[in-house]
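Chains as they are written, first to last, in the numbering used here: chain A, 30 to 346; chain B, 659 to 974.
Glycine included, every Cβ here is placed at the ideal spot set by N, Cα and C.
Heads up, the thing below is written out as structure tokens.
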Amino acid sequence: MNELTATAQFQRSPLPPAVSIWRLRAEKFATHRVAFWSLILLILLVLVCLMAWPLSQYLGIDPNKTNLLGRFQAPSAKHWLGTDELGRDVLIRLLYGGQVSIAVGLAATALMSMIGIAIGVTAGLIGGRVDAFLMRVTDVLVALPLIPLLIVLGSVDLTKLGLSATAADSPIYIFLRIVIIIALVDWTTMARIARAGTIQMRERDYVLAATVSGATRIYNVFVHVLPNISTPLTVAATLTVGRVILLESTLSFLGFGIVPPTPTWGNMLTNAQQLIFSAPMLAIYPGLLIFATVMTVNFVGDGVRYAFDPRAENEGR
Amino acid sequence: MLRYTLTRTVQALIVIAVMSFMLFVIIGLMPGDPLENMFEGNPSLTPELMAQMRELYGVDQPLTTRYWNWVTAALQGDLGYSSLYFRPVLDVLFPAMIQTGKLLTLTLLISIPLAMLLGTLAARKPNGLVDSAISMFSFAAISLPNFWVSLLFIILFSVQLGWLPASGAPMRNDAPFWQEMYHLIMPVAVLVMFHVGPLIRYVRASMIETLSADFVRTARAKGLNERRVLIRHALRNALIPMITVLALSFGHLFSGALVIETIFGMLGMGKIIYDAIANVDFNLALVGLLLAIIVVLISNLLADLAYGFIDPRITL
């Protein structure tokens with residue numbers, strides 16, 4: 030092959046199309062097989078949970094209506110997974126419970142990310158004594174046992190804080206309460222990651238240049254710091270969702286989270302312990318769904334970490 | 659070293675003081691008031707008498723006054739009574755601490771060697787078949803709700819097979835040692851599974867890093883056999899930072915113990931705290947939680963100090 034044809038060939042070959050970073054990440058994510066199938070399973074789980082209302086309409090079932098004459102029914106054409114100790118349809122309650130659990134997981138993760146990022150960025154940006162103080166608080170909170178603290182916070186009587194009794198018992202406040210208390214005790218990982226990233230960014234030349242040009246700290250945070258530390262934060266947030274779902278189900282199981290009649294996978298297991306002789310299946314389904322959800326979320330988190338980390342190249346999956 | 663120990667101790671004391679006030683406030687926000695348990699069992703009490711008793715016990719005073727009274731009494735060794743057990747709180751909590759101590763010690767004795775073994779096996783060939791299997795196991799262990807695993811174990815081993823007792827402690831206090839261990843099998847197994855997942859992942863990561871170090875290559879170049887390289891050279895170095903991970907896991911472990919003690923009906927610290935909060939026993943909940951926090955903080959401090967002893971390269 031002489032030089033001329035080589036040049037000609039070079040000229041003829043078209044430029045490779047511009048590929049966005051998100052496309053690269055998605056392709057890399059798809060090569061992580063376990064994470065890929067976990068994501069598919071997770072999406073299916075969410076879709077099935079969203080079928081709760083249509084399905085209950087179709088089968089003509091009210092998930093909160095008790096029927097003492099129809100307790101512990103075997104699976105049938107109307108009650109696909111049978112009924113529980115109060116004669117309520119197990120399947121529909123499982124689906125509604127899934128919606129609640131996943132909603133708590135997402136909402137608490139969003140709130141704790143905000144708290145953690147605010148604390149971490151503040152510590153990293155101001156430094157000095159503020160930093161030392163905030164990080165000491167974080168260190169202590171990391172070491173403390175979370176479940177006992179959450180139980181105490183979960184048992185707080187909202188009427189003593191000036192809320193009316195009807196408001197305090199409404200499902201919305203119970204939902205918000207568990208989201209808030211989980212976010213209040215579990216923001217530490219986010220704060221540490223945000224702080225480490227902020228300190229790295231603070232010393233970068235372009236941030237210094239922006240500061241010299243008169244950029245305020247707030248401007249620097251939103252334009253230079255946050256976009257650059259978004260990768261580790263995204264990874265941490267994904268893994269957090271799984272942990273929050275576990276925390277919520279544990280709390281609801283112990284009776285300090287979401288309380289009946291609103292179903293969650295956790296509180297459906299509360300009574301199951303007394304019923305392991307008569308109806309062991311009631312103890313199987315909710316736990317299996319918690320396990321499947323948390324496991325797939327964790328695998329997706331692992332896949333996101335793999336896809337976002339440019340150094341995780343050689344791990345053949 | 660001494661300076662570091664002193665600073666850390668003072669910091670721990672400050673944390674305990676702050677936590678005691680915060681818990682005092684939060685527990686004060688629980689439903690009802692501290693005397694409710696006393697009133698409940700006594701229908702002959704008139705509202706006037708109740709008000710009189712509230713005044714006598716100082717329940718009607720403002721929050722800061724009540725906290726100050728509680729602290730001054732506590733510092734003189736008077737931690738008060740439990741309204742649920744009608745006994746001094748320390749009399750309730752000390753046996754509970756021993757019970758939880760047994761559970762946690764056994765768990766640590768199993769989960770640490772298990773994590774070392776599985777983590778090392780996984781690190782020998784990253785992404786190999788063994789590693790994938792162990793990885794899968796640790797992911798499952800992290801994702802399993804421990805209360806559900808407990809229920810499954812009870813259904814399988816107690817109800818279906820009848821091999822193991824469904825309670826975590828024998829009925830009689832003077833039961834022989836072997837019987838106590840027999841009852842502890844299931845609770846310890848669940849707690850080990852709860853604790854070991856993150857540890858395995860940690861040992862694996864640490865071992866993979868250590869195995870690429872120069873001194874490991876030297877050891878191999880000398881012709882040492884692989885087992886000696888893995889255990890004597892790599893594992894010993896990889897384990898040093900694990901002390902910190904272990905120290906941080908104590909709080910997590912206590913959370914697990916609370917759930918497991920509640921399900922298996924063991925009167926440990928976790929179950930006592932749970933019952934105290936569920937039955938609005940204000941004083942028992944407060945002292946129990948504080949005690950748990952103090953124990954966790956002390957173990958943390960000890961682990962940090964041990965770090966300096968084990969690895970002389972680290973100066974505290």
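Practice task
Give, in chain order, every residue of the segment 301 to 320 of chain A whose Cβ lies closer than 7 Å to some Cβ of chain B.
Solution key: A301, Q302, I305, F306, P309, A312, G316, I319, F320
Practice task
Inspect the beta-carbon positions of A:L173 and B:I685 and report whether they are closer than 8 Å.
Solution key: Taking the first residue of the first sequence as 1, we reach residue 173 of chain A at position 144. Taking the first residue of the second sequence as 1, we reach residue 685 of chain B at position 27. No, they are not a contact pair.
Handout entry: is_contact[A:E344, chain B] using C-beta, thresh 8 Å
Key = Within the first sequence, residue 344 of chain A is the residue found at index 315, counting from 1. Low per-residue confidence applies at A:E344: pLDDT is 47, beneath 50, and the placement is therefore not dependable, though the value from the model is reported in the following sentence. Chain B, which has a Cβ nearer than 8 Å to the Cβ of A:E344, makes this yes.
Practice task
State the CB to CB distance for the pair A:G145 and A:A223, rounded to an integer number of angstroms; the pair is presumed to be in contact (CB under 8 Å).
Solution key: Residue numbering aside, residue 145 of chain A sits at position 116 when the first sequence is read from its first letter. Residue numbering aside, residue 223 of chain A sits at position 194 when the first sequence is read from its first letter. With 8 Å as the limit, A:G145 and A:A223 qualify as a contact, their Cβ atoms being about 6 Å apart.
Exercise for the section: Would you mind reading off the limits of the alpha helix (DSSP H) that contains B:V850? Expected result: Taking the second sequence and counting its residues from 1, one reaches residue 850 of chain B at position 192. Here the alpha helix (DSSP H) through B:V850 covers 835 to 869.
Handout entry: From A:S105, A:A139, A:E114, A:Y87, residue whose alpha carbon lies closest to that of A:I17
Key = Past the edges of chain A, shown from 30 to 346, lies residue 17 of chain A, and the structure says nothing about it.
Practice task
Could you check if B:F835 is buried or exposed, using at least 16 other CB atoms within 10 Å of its CB as the buried criterion?
Solution key: Reading the second sequence from its first residue, position 177 is the one you call residue 835 of chain B. With fewer than 16 Cβ atoms within 10 Å of its Cβ, B:F835 is classed as exposed.
Handout entry: Residues that A:T112 bridges to, as DSSP identifies them
Key = For the purposes of this step, residue 112 of chain A is identified with residue 83 of the first sequence, where counting begins at 1. Answer by DSSP bridge pairing, in chain order: A:D118.
Practice task
Determine the chain B residues that contact A:S85 at a beta-carbon separation under 7 Å, and present them in chain order.
Solution key: The residue labelled residue 85 of chain A in the question sits at position 56 within the first sequence. None at all; the shortest Cβ gap to chain B is about 25 Å.
Handout entry: Same chain, Cβ closer than 7 Å to B:T868, neighbours up to 5 away in sequence not counted
Key = Translated into the one-based positions of the second sequence, residue 868 of chain B becomes position 210. The answer, listed in chain order, is V874, A892, N895, A896.
Practice task
Rounded to whole angstroms, what's the CA-CA distance from B:A863 to B:R886? Just pull it up for me.
Solution key: Position 205 of the second sequence, counting from 1, holds the residue named residue 863 of chain B. Position 228 of the second sequence, counting from 1, holds the residue named residue 886 of chain B. Straight-line Cα distance between these residues: approximately 19 Å.
Practice task
Could you tell me whether the Cβ of B:S801 comes closer than 8 Å to any Cβ of chain A?
Solution key: Position 143 of the second sequence, counted from the first residue, corresponds to residue 801 of chain B. Yes, B:S801 lies at the interface with chain A (some Cβ there is under 8 Å from its Cβ).
Problem - Rounded straight-line distance, which links the Cα of A:T267 to that of A:S242 - result: In the first sequence, counting from the first residue as 1, residue 242 of chain A sits at position 213. In the first sequence, counting from the first residue as 1, residue 267 of chain A sits at position 238. When rounded, the distance between both Cα atoms is 36 Å.
Exercise for the section: Give me the Cα-Cα distance between A:T260 and B:I792, rounded to the nearest whole angstrom. Expected result: Reading the first sequence from its first residue, position 231 is the one you call residue 260 of chain A. Reading the second sequence from its first residue, position 134 is the one you call residue 792 of chain B. Spanning the two alpha carbons is a distance of roughly 27 Å.
Practice task
Spell out whether any CB of chain A is found under 8 Å from the CB atom of B:M688.
Solution key: As a first step, residue 688 of chain B is located in the second sequence; it is residue number 30 there, counting from the start. Yes, its Cβ sits closer than 8 Å to a Cβ of chain A.
Exercise for the section: From the DSSP output, in three-state form, read off B:R971 for me. Expected result: Position 313 of the second sequence, counted from the first residue, corresponds to residue 971 of chain B. Three-state result, B:R971: coil.
Handout entry: Ordered list of alpha helix (DSSP H) runs contained in the segment 730 to 785 of chain B, each at least 4 residues
Key = 747 to 782
Problem - Near-chain A residues of the segment 902 to 926 of chain B (beta-carbon distance less than 9 Å), N- to C-terminal order - result: A905, L906, F908, G909, H910, L911, F912, S913, G914, A915, L916, V917, T920, I921
Practice task
Can you say whether A:P292 is buried or exposed, counting buried as having 16 or more other CB atoms within 10 angstroms of its CB?
Solution key: Walking along the first sequence from the start, residue 292 of chain A turns up at place 263. Its Cβ being crowded by 16 or more others within 10 Å, A:P292 is buried.
Exercise for the section: Look at the Cβ atom of A:G286, then the Cβ atom of A:V323, and state whether they are nearer than 8 Å. Expected result: Stepping through the first sequence from its first residue, residue 286 of chain A is reached at position 257. Stepping through the first sequence from its first residue, residue 323 of chain A is reached at position 294. Result no, Cβ atoms of A:G286 and A:V323 do not sit closer than 8 Å.
Practice task
Over the uninterrupted alpha helix (DSSP H) stretch that includes A:L190, give me the two end residues.
Solution key: By one-based count along the first sequence, residue 190 of chain A stands at place 161. Careful: A:L190 lies outside any alpha helix (DSSP H) and carries neither H nor E.
Exercise for the section: Kindly indicate which three-state DSSP category B:M829 falls into: helix, strand or coil? Expected result: Within the second sequence, numbered from 1, the residue matching residue 829 of chain B stands at position 171. Coil, per DSSP.
Exercise for the section: Below 8 Å on the Cβ atoms is my guess for B:A781 versus B:I866; work out the distance and round it to an integer in Å. Expected result: Locating residue 781 of chain B in the second sequence gives position 123, where the first residue counts as 1. Locating residue 866 of chain B in the second sequence gives position 208, where the first residue counts as 1. The Cβ separation is near 5 Å, so the contact holds.
Handout entry: Closer than 7 Å at the beta carbon, the chain A residues around B:A798
Key = Position 140 of the second sequence, counted from the first residue, corresponds to residue 798 of chain B. Chain A residues near B:A798: M324.
Practice task
Kindly confirm or deny that the segment 853 to 861 of chain B and the segment 792 to 805 of chain B touch, where touching means at least three C-beta pairs closer than 8 Å.
Solution key: yes
Practice task
Taking all protein chains shown into account, decide if A:R117 is buried (16 or more other Cβ within 10 angstroms of its Cβ) or exposed.
Solution key: Within the first sequence, residue 117 of chain A is the residue found at index 88, counting from 1. Buried, by the Cβ-count rule.
Handout entry: Pick from A:M143, A:Q229, A:Q303 that is closest to B:I813, judged by C-alpha positions
Key = If you number the second sequence from 1, residue 813 of chain B lands on position 155. Of A:M143, A:Q229, A:Q303, the residue nearest in Cα terms is A:Q303.
Exercise for the section: Would you kindly report the start and end of the unbroken alpha helix (DSSP H) that includes B:M677? Expected result: Residue 677 of chain B sits at position 19 when you count from the first residue of the second sequence. B:M677 -> alpha helix (DSSP H) spans 660 to 686.
Exercise for the section: Can you tell me which of A:K94, A:D215, A:M310, A:V48 puts its alpha carbon nearest to the alpha carbon of A:T269? Expected result: Counting from 1 along the first sequence, the entry for residue 269 of chain A is found at position 240. Of the candidates A:K94, A:D215, A:M310, A:V48, the one whose C-alpha sits nearest the C-alpha of A:T269 is A:D215.
Handout entry: Within the segment 191 to 265 of chain A, ranges of the beta strand (DSSP E) (whole runs, at least 3 residues)
Key = none
Handout entry: First through last residue of the alpha helix (DSSP H) which encompasses A:R52
Key = In the first sequence, the residue the question calls residue 52 of chain A occupies position 23. A:R52 -> alpha helix (DSSP H) spans 50 to 60.
Handout entry: Inter-residue spacing [alpha-carbon to alpha-carbon] between B:A936 and A:S184
Key = What you label residue 936 of chain B is simply residue 278 of the second sequence in a count that begins at 1. What you label residue 184 of chain A is simply residue 155 of the first sequence in a count that begins at 1. Each residue's alpha carbon lies about 8 Å from the other.
Problem - CB contact below 8 Å: A:T279 versus chain B - result: Taking the first residue of the first sequence as 1, we reach residue 279 of chain A at position 250. Closer than 8 Å: yes.
Practice task
With DSSP as the reference, label B:N937 as helix, strand or coil.
Solution key: Position 279 of the second sequence, counted from the first residue, corresponds to residue 937 of chain B. In this structure, B:N937 counts as coil in the three-state DSSP scheme.
Problem - Reduced DSSP secondary structure (H/G/I, E/B, other) of B:W728 - result: Mapped onto the second sequence, residue 728 of chain B falls at position 70. Correct three-state label for B:W728: helix.
Practice task
Could you tell me the distance, in whole angstroms, from the CA atom of A:I258 to the CA atom of A:L276?
Solution key: Along the first sequence, read from residue 1 onward, the residue named residue 258 of chain A stands at position 229. Along the first sequence, read from residue 1 onward, the residue named residue 276 of chain A stands at position 247. Going by the C-alpha atoms only, they are around 27 Å apart.
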